[in-house]
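Okay, so here's the structure we're looking at.
2 protein chains.
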Amino acid sequence: MSIHLTILGCHSATPRVNAHPTSQYLEINNNHFLIDCGEGTQRQMRKYKVGFSKINHIFISHLHGDHFYGLVGLLSTYGILSREKDLHVYGPKGIKEVTLLQLKVSKSHAKYPIIFHELSSKESELIFEDEKVLVRTIPLNHRVYTNGYLFTEKEKPRKLNMLNISGYQEIDKADYLNIKAGKDIVLSTGEIISNSELTIDPPKAKSYAFCSDTSYKPDIIPIIENSDLLYHEATFLSDREDLARKTKHSTSIQAAQIAKDSNVKKLIIGHYSGRYKEISSFKKEAETVFKNVELAEPGKVFSVN
Amino acid sequence: MSIHLTILGCHSATPRVNAHPTSQYLEINNNHFLIDCGEGTQRQMRKYKVGFSKINHIFISHLHGDHFYGLVGLLSTYGILSREKDLHVYGPKGIKEVTLLQLKVSKSHAKYPIIFHELSSKESELIFEDEKVLVRTIPLNHRVYTNGYLFTEKEKPRKLNMLNISGYQEIDKADYLNIKAGKDIVLSTGEIISNSELTIDPPKAKSYAFCSDTSYKPDIIPIIENSDLLYHEATFLSDREDLARKTKHSTSIQAAQIAKDSNVKKLIIGHYSGRYKEISSFKKEAETVFKNVELAEPGKVFSVN
């Protein structure tokens, strides 16, 4: 049970020499996800040694260029790399048409299957589930239809406390599944052995909430609360709260307020506007509201173990 | 009369950390053109200090991703930079639909006018002309419809040789236009003063031919012959001529043969396949056929004065 998040890009609007638009690589419970894919993402993936072939699921928050203009290039590269396995792309309605048209004009339609999962609901929905991980949308409020994504590990069964179990000759392997599932055991004497005596807590399931781009939207709090890690955009400092409101972005203070009210363990901020020459002020400002704040920077890895 | 060509990217297929897909910035006779626009071009433009606002004309050779996936990002950036003046985009039929759809889904349709010039002719045609420069297509042979572009300075009128002219009191300002146009002057005595005595040759008009991507296609020679500068793709070395033929690319030797048979002054090669770890072999191989060969590399500037 662990999360490793690699920031590939974390700047808003236009790519610059040392500013890369949004993209993140998430390893969670042995799943490998790409989140957003601004122009130049595949170059950043190579720079930070992200294994292209590991990724089977790409989640796009919204169809602004700085979050998806790198997608078609990556899909083309998968073709050049002779990918054969399915690739799932999650994103707003429209993503399929715009992507396939680009592949069509270049006559480079992928030989591997691309499965588009187009989203249009305004409610949070479960969009991915396997034996290890769940992914839910986090409806956000931006100038175009936008979702954040909540990635949650599935709880593992309880672990057997073999030292204590061996003290009861009557308990045998046939009981183990019930014990792992949290059940108490009734001995032939009628004595009830509490499950807590027979098991150890499993590793706690971890969760990561990705929220970009959005205006301050406190109604996401019930969805993301108690997350181990929250990425929340902070395009502006509070000095430009007016501009944040107008462009439907958040300030550093607003991101921190969401983190505090959601009781998350750590907040990562990013999507810095190019108008700010240095980013340390984002952290300083957020820390006035919430203690555990980190700045997203390309190549930085955030782990939850 | 001068040409300055800046290589922004010159590698084939997929962007990598130190490999950038095709794009070139051409300054010719005070015109500023962008040629091809692979993913990451706008970042390369910033890196090599290309003034975004100077460019009013973008020429796209063909709709393979490594030649145009950076276009929509650049157009979006022009929107963010509040561009107001016209931008002309030349490229194969289909470029308008695919570009506008991307701008539409992101609701970022440019407020400045984008004028698309869609090409579909298989014959060379004049597609741009102003008082200083002509641009013609160079029909190429690739897996999709592809054009190279020939950029030619317009000849300036002949220069007045004022020292010699002052020797003839009878010749006055009213004659200057005729003299500049190359005409002889007849004096009242009936004596004919040859134009060559009254004028100096103007600076020679320069030309640059861009040819990417294409299989070996000698019928372009009449179009590009005597160019000062020729960029011709050389995706492979001769060891993989089979692959060049199959993928409709050229080898280094073939590019050099075109340069030789066209009597150009200098050949620049590029579009190197990622299979080659170093590029010096491309130059060595080409030099066995044609003497004046240079390797395209990001940031390199080639000038003709």
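Going line by line, the protein sequences match chains X and V.
Under the working numbering, the residue at position 274 of the first sequence is numbered 274, and the numbers go up by one with no gaps.
Under the working numbering, the residue at position 294 of the second sequence is numbered 294, and the numbers go up by one with no gaps.
The beta carbon of each residue, even a glycine, is placed where N, CA and C say it ideally should be.
Beta carbon of E153 (chain V) nearer than 9 Å to that of P139 (chain V) = For the purposes of this step, residue 153 (chain V) is taken as the residue at position 153 of the second sequence. For the purposes of this step, residue 139 (chain V) is taken as the residue at position 139 of the second sequence. No, they are not a contact pair.
Three-state secondary structure (DSSP) of R143 (chain V) | Along the second sequence, read from residue 1 onward, the residue named residue 143 (chain V) stands at position 143. Three-state DSSP puts R143 (chain V) in coil, outside helix and strand.
Range of the contiguous beta strand (DSSP E) that encloses A209 (chain X) = Start at 1 with the first residue of the first sequence, and residue 209 (chain X) comes out as number 209. First-last of the beta strand (DSSP E) with A209 (chain X): S207 to C211.
Over what stretch of residues does the beta strand (DSSP E) that includes G270 (chain X) continue unbroken?
-> Taking the first sequence and counting its residues from 1, one reaches residue 270 (chain X) at position 270. K266 to G270 is the extent of the beta strand (DSSP E) around G270 (chain X).
Beta-carbon gap between A229 (chain V) and S250 (chain V) smaller than 9 Å = Stepping through the second sequence from its first residue, residue 229 (chain V) is reached at position 229. Stepping through the second sequence from its first residue, residue 250 (chain V) is reached at position 250. The sequence given here places Leu at residue 229 (chain V); Ala does not occur at that position. Not closer than 9 Å, so no.
Endpoints, alpha helix (DSSP H) assigned at V98 (chain X) = As a position in the first sequence, residue 98 (chain X) is number 98, starting the count at 1. I95 to V105 is the span of the alpha helix (DSSP H), which, as asked, contains V98 (chain X).
Could you spell out the range, first to last residue, of the beta strand (DSSP E) harbouring E233 (chain V)?
-> Within the second sequence, the letter at position 233 stands for residue 233 (chain V). Counting along the chain, the beta strand (DSSP E) containing E233 (chain V) begins and ends at L229 to E233.
Buried/exposed call for A174 (chain V), threshold 16 Cβ in 10 Å = Looking up residue 174 (chain V) in the second sequence gives position 174. Counting Cβ neighbours within 10 Å, A174 (chain V) comes out exposed, since fewer than 16 surround it.
Ignore the nearest five residues each way along the sequence and tell me which others in A209 (chain X)'s own chain have a CB closer than 6 Å to its CB.
-> The residue given as residue 209 (chain X) occupies position 209 in the first sequence. Hits under 6 Å: L150, I224, S227 and L230.
Residue-level contact to chain X via CB, S76 (chain V), 9 Å cutoff = Within the second sequence, numbered from 1, the residue matching residue 76 (chain V) stands at position 76. So yes, S76 (chain V) belongs to the interface.
Can you tell me which of X:V304, X:V301, X:S212 and X:A234 puts its alpha carbon nearest to the alpha carbon of E287 (chain X)?
-> Walking along the first sequence from the start, residue 287 (chain X) turns up at place 287. Taking only the C-alpha atoms, the option nearest E287 (chain X) is X:A234.
Classification of I114 (chain X) by the beta-carbon crowding that lies within 10 angstroms, buried from 16 upward | Within the first sequence, the letter at position 114 stands for residue 114 (chain X). So I114 (chain X) counts as buried.
Would you mind telling me which residues of chain X sit closer than 9 Å to S215 (chain V), beta carbon to beta carbon, in chain order?
-> Along the second sequence, read from residue 1 onward, the residue named residue 215 (chain V) stands at position 215. The premise fails here: S215 (chain V) is roughly 16 Å from chain X at the closest Cβ pair, so nothing lies under 9 Å.
Can you tell which of X:L34, X:V72 and X:S120 has the C-alpha that lies nearest to the C-alpha of G38 (chain V)?
-> Along the second sequence, read from residue 1 onward, the residue named residue 38 (chain V) stands at position 38. Selected option, being the one with the closest Cα: X:V72.
Within chain X, the residues that I7 (chain V) reaches when beta carbons sit closer than 7 Å = Along the second sequence, one-based indexing puts residue 7 (chain V) at 7. Per Cβ cutoff of 7 Å: no residues; I7 (chain V) is ~17 Å from chain X at best.
Residues sharing a beta bridge with P21 (chain V), DSSP = Here residue 21 (chain V) is taken as the residue at index 21 of the second sequence, counted from 1. V:H11.
Residues near Q44 (chain V) in its chain [Cβ-Cβ closer than 7 Å; skip 5 each side] = Sequence index remark: in the second sequence, residue 44 (chain V) carries index 44 (1-based). L8, G9, H20, S23 and P298, listed in sequence order.
For T247 (chain X) versus N141 (chain X), is the C-beta distance shorter than 9 Å?
-> Start at 1 with the first residue of the first sequence, and residue 247 (chain X) comes out as number 247. Start at 1 with the first residue of the first sequence, and residue 141 (chain X) comes out as number 141. Judged by their CB atoms, T247 (chain X) and N141 (chain X) are not nearer to each other than the 9 Å cut-off.
Where E197 (chain X) falls, given that 16 or more other Cβ within 10 Å makes a residue buried | Your numbering for residue 197 (chain X) matches position 197 in the first sequence. So E197 (chain X) counts as exposed.
Quick one: list the residues of chain V neighbouring A108 (chain X), beta-carbon separation under 8 Å, in chain order.
-> For this step, residue 108 (chain X) is matched to residue 108 along the first sequence. A quick correction: the sequence has Ser, not Ala, at residue 108 (chain X). Simply H64 and G65.
From this set, V:I58, V:I171 and V:G51, which residue's C-alpha is nearest G148 (chain V)'s C-alpha?
-> Along the second sequence, read from residue 1 onward, the residue named residue 148 (chain V) stands at position 148. That would be V:I58, whose Cα lies nearest to the Cα of G148 (chain V).
Length of the line joining the Cα atoms of S76 (chain V) and H88 (chain V) = Translated into the one-based positions of the second sequence, residue 76 (chain V) becomes position 76. Translated into the one-based positions of the second sequence, residue 88 (chain V) becomes position 88. One C-alpha to the other measures close to 14 Å.
Is the distance from the Cβ of G91 (chain X) to the Cβ of G70 (chain X) below 9 Å?
-> For this step, residue 91 (chain X) is matched to residue 91 along the first sequence. For this step, residue 70 (chain X) is matched to residue 70 along the first sequence. Not in contact: G91 (chain X) and G70 (chain X) (Cβ atoms no closer than 9 Å).
Count the other CB atoms, across all protein chains shown, that sit within 10 Å of the CB of D36 (chain X); report buried if there are 16 or more and exposed otherwise.
-> On the first sequence, residue 36 (chain X) is found 36 positions in, with the first residue counted as 1. Result: buried.
Who are the near neighbours of V133 (chain X) in its chain, counting only those whose CB is closer than 8 Å to its CB and skipping five residues on each side?
-> For the purposes of this step, residue 133 (chain X) is taken as the residue at position 133 of the first sequence. Excluding residues within five positions, the ones whose Cβ falls inside 8 Å are I28, N29, N31, F151, T152, E153 and K154.
Are the C-beta of A244 (chain V) and some C-beta of chain X separated by less than 9 Å?
-> As a first step, residue 244 (chain V) is located in the second sequence; it is residue number 244 there, counting from the start. No, A244 (chain V) lies away from the interface with chain X (no Cβ there is under 9 Å from its Cβ).
Can you grab the Cα-Cα spacing for the pair R83 (chain V) / L267 (chain V), in whole Å?
-> Counted from its first residue, the second sequence places residue 83 (chain V) at position 83. Counted from its first residue, the second sequence places residue 267 (chain V) at position 267. One C-alpha to the other measures close to 36 Å.
Among V:R240, V:K204 and V:V289, which one has its Cα closest to the Cα of A255 (chain V)?
-> Looking up residue 255 (chain V) in the second sequence gives position 255. Answer by Cα proximity: V:V289.
When you compare each of V:R158, V:G167, V:L163 and V:S166 to K183 (chain V) by their alpha carbons, which one comes out closest?
-> As a working mapping, residue 183 (chain V) is identified with position 183 in the second sequence. Nearest option by C-alpha distance: V:R158.
Beta-carbon gap between T14 (chain V) and I80 (chain X) smaller than 9 Å | Start at 1 with the first residue of the second sequence, and residue 14 (chain V) comes out as number 14. Start at 1 with the first residue of the first sequence, and residue 80 (chain X) comes out as number 80. A contact, by the Cβ cut-off of 9 Å.
Find the residues of chain X that neighbour Q24 (chain V), judging by a C-beta separation of less than 8 Å, and give them in chain order.
-> As a working note, residue 24 (chain V) is residue 24 in the second sequence. Simply none; closest approach about 19 Å.
In chain order, what residues of the stretch 30-50 of chain X put their CB closer than 7 Å to some CB of chain A?
-> No chain A appears in the structure shown, which is made up of the protein chains X and V.
For S12 (chain V), count neighbouring C-beta atoms within 10 Å of its own C-beta (all shown protein chains included) and say buried if the count is 16 or more, exposed if not.
-> Within the second sequence, the letter at position 12 stands for residue 12 (chain V). S12 (chain V) comes out buried.
Check each residue of the stretch 252-266 of chain V: if its Cβ is closer than 8 Å to any Cβ of chain X, include it; give the result in chain order.
-> none
Taking Y69 (chain X) as the query, report the chain V residues whose CB atoms sit under 7 Å from its CB, ordered along the chain.
-> The residue given as residue 69 (chain X) occupies position 69 in the first sequence. Simply V72 and G73.
Which parts of the stretch 158-192 of chain X are runs of the alpha helix (DSSP H), unbroken and 4 residues or longer, counting only runs that do not cross its ends?
-> 162-165 and 176-180
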